[in-house]
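Q: I'd like to ask you about the structure that follows.
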Amino acid sequence: MNVNQMIEWAAVILILIGSIVSVISAFGMIRLPDVYTRSHAATKSSTLSVLTCLLGAFIYFWVHDGFVSVRLILGILFVFVTAPVAGHLICRAAYRSRVPLAKGSGEDELKSKLFPEEHTVK
Amino acid sequence: MKINDVILRTITKVVVFIILTLGVYLFFAGHHAPGGGFIGGLVLASGVVLLYLAYDIETVHKGMPFDFKKVAALGVLLATGTAIGSLFFDVPFLTQAHTYIDAPIFGKMGFSTVTIFEAGVALTVVGVVVTIILSISEDE
Numbered sequence: 294m295n296v297n298q299m300i301e302w303a304a305v306i307l308i309l310i311g312s313i314v315s316v317i318s319a320f321g322m323i324r325l326p327d328v329y330t331r332s333h334a335a336t337k338s339s340t341l342s343v344l345t346c347l348l349g350a351f352i353y354f355w356v357h358d359g360f361v362s363v364r365l366i367l368g369i370l371f372v373f374v375t376a377p378v379a380g381h382l383i384c385r386a387a388y389r390s391r392v393p394l395a396k397g398s399g400e401d402e403l404k405s406k407l408f409p410e411e412h413t414v415k
Numbered sequence: 012m013k014i015n016d017v018i019l020r021t022i023t024k025v026v027v028f029i030i031l032t033l034g035v036y037l038f039f040a041g042h043h044a045p046g047g048g049f050i051g052g053l054v055l056a057s058g059v060v061l062l063y064l065a066y067d068i069e070t071v072h073k074g075m076p077f078d079f080k081k082v083a084a085l086g087v088l089l090a091t092g093t094a095i096g097s098l099f100f101d102v103p104f105l106t107q108a109h110t111y112i113d114a115p116i117f118g119k120m121g122f123s124t125v126t127i128f129e130a131g132v133a134l135t136v137v138g139v140v141v142t143i144i145l146s147i148s149e150d151e
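Protein chains in written order, with this note's numbering: chain A, 294 to 415; chain B, 12 to 151.
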C-alpha cells in the first residue's frame, strides 16, 4: 500500500464521515421540536457534511487523477459562507412572523426588544 | 421601522463576486468543458438577482445603469451579426472560423468566432432573465 492509496483512503473516510453527519442532520430535522432547533440541526451539521464530502472529492481527484479542481475549492468556500446566512435568514423570518419557541425554552429576551408593544411585565 | 439586514448585505458583497467570476468562467470554459453562453448567462443573472434581493432596485440601478431590454437586444444583434458576417466571406450562413495566435504572455491562444456568438447568447439570457424578474417584481 503506497502513499497515494493511503491518501485515497483518507478521502474515502472523509466522504463517509460527511454522509454520516448528513444522516445525523436529517435525524435532527425530524426529532427536534421547533423551527429554531431544527434550523440549528439543518444548518450546522449539513454544512459540515457538505464540506467534508467536497473536501474528500477534492483530495481524491487530486491524488488519483492529478487534477486540482478549483471549482471544488470555490464550492467549499461558497457553502461555508452562504449556508449559515441562509439559516440565519430563515430563523429571522420565522421569529418575525411570530413562530413560537418550543416548550421549555429559556426566557425570550428578544421579544421585549423586537415587539415592545406586546411585552407584558410578569 | 428600518429593517437591519447587515448580515445579508455583507455576505452579498462577498458572494456576488464569486458568482460573477463563476459565470465568466463557465462562459469561457464552454468550448472544451461543460459550460457555455446559456448557463454562463444564467449564473450572471442570478448574481444580479441576488443584488436585487439584498438591496433595493434603485440602489442596484445606480451602480449598474443598464437597461436590460437593451442588453438582450445587443445579445441578439451580436449572435445574428456573427451569423451574417460569415456571408461576406462567401461561405454559408452561421459558418464559424477559428485560429491560433502566439500571445506575448499567455503563449498559444485559440480564438474563434463561436465565442462572439456565445457572448450574444449570454447577454440575451442575462437581459431576458433580469427583465422578467424585474417586471414581475414591479407589478402592483
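Even glycine gets a Cβ: it sits at the ideal position worked out from N, Cα and C. All values reported here derive from a predicted model rather than from experimental measurement.
1) Can you confirm whether the region 114-133 of chain B touches the region 77-90 of chain B when touching is taken to mean that 3 or more C-beta pairs between the two stretches lie within less than 8 angstroms?
2) Using a C-beta to C-beta distance shorter than 9 angstroms, which residues of chain A count as neighbours of Leu33/B?
3) How would you list, in chain order, the residues of chain A whose beta-carbon sits under 9 angstroms from the beta-carbon of Leu62/B?
4) Take the Cβ of Phe351/A as the centre, count every other Cβ of all protein chains shown within 10 Å, and call the residue buried at 16 or more, exposed below.
5) Within its chain, find whatever has a CB closer than 6 angstroms to the CB of Ala114/B; leave out the 5 residues flanking it on each side and keep chain order.
6) What residue range does the beta strand (DSSP E) around Lys119/B cover?
7) Output needed for Ile68/B: all residues of its chain with C-beta closer than 8 angstroms, excluding positions within five of it in sequence on either side, in chain order.
8) Could you pull the start and end residues of the alpha helix (DSSP H) that Ala334/A belongs to?
9) Taking the DSSP output, what are the residues bridged to His109/B?
10) Compare the C-alpha of Val105/B against each of Ile22/B, Leu37/B and Ile95/B and name the closest.
11) With a threshold of 9 angstroms between beta-carbons, can Ile147/B be considered close to chain A, or not?
12) Can a CB atom of chain A be found closer than 9 angstroms to the CB of Leu19/B?
A: Looking at the coordinates:
1) Under the three-pair Cβ rule at 8 angstroms, the region 77-90 of chain B counts as touching the region 114-133 of chain B.
2) Neighbours of Leu33/B on chain A, chain order: Arg364, Leu367 and Phe371.
3) From the beta-carbon of Leu62/B, no residue of chain A is found nearer than 9 angstroms; the closest lies around 15 angstroms away.
4) Looking at its Cβ environment, which holds 16 or more other Cβ atoms inside 10 Å, Phe351/A is buried.
5) If we look at Ala114/B and ignore the five residues flanking it on each side, its Cβ neighbours are Met120.
6) Note, Lys119/B: beta strand (DSSP E), Gly118 to Ser123.
7) Cβ neighbours of Ile68/B beyond the five flanking positions: Leu145, Ser148 and Glu149.
8) Residues Val328 to Asp358.
9) DSSP lists Ser123/B as partners of His109/B.
10) The sequence given here places Leu at residue 105/B; Val does not occur at that position. Per the Cα distances, Ile95/B.
11) So no, Ile147/B is outside the interface.
12) Yes - at least one Cβ of chain A is within 9 angstroms of the one on Leu19/B.
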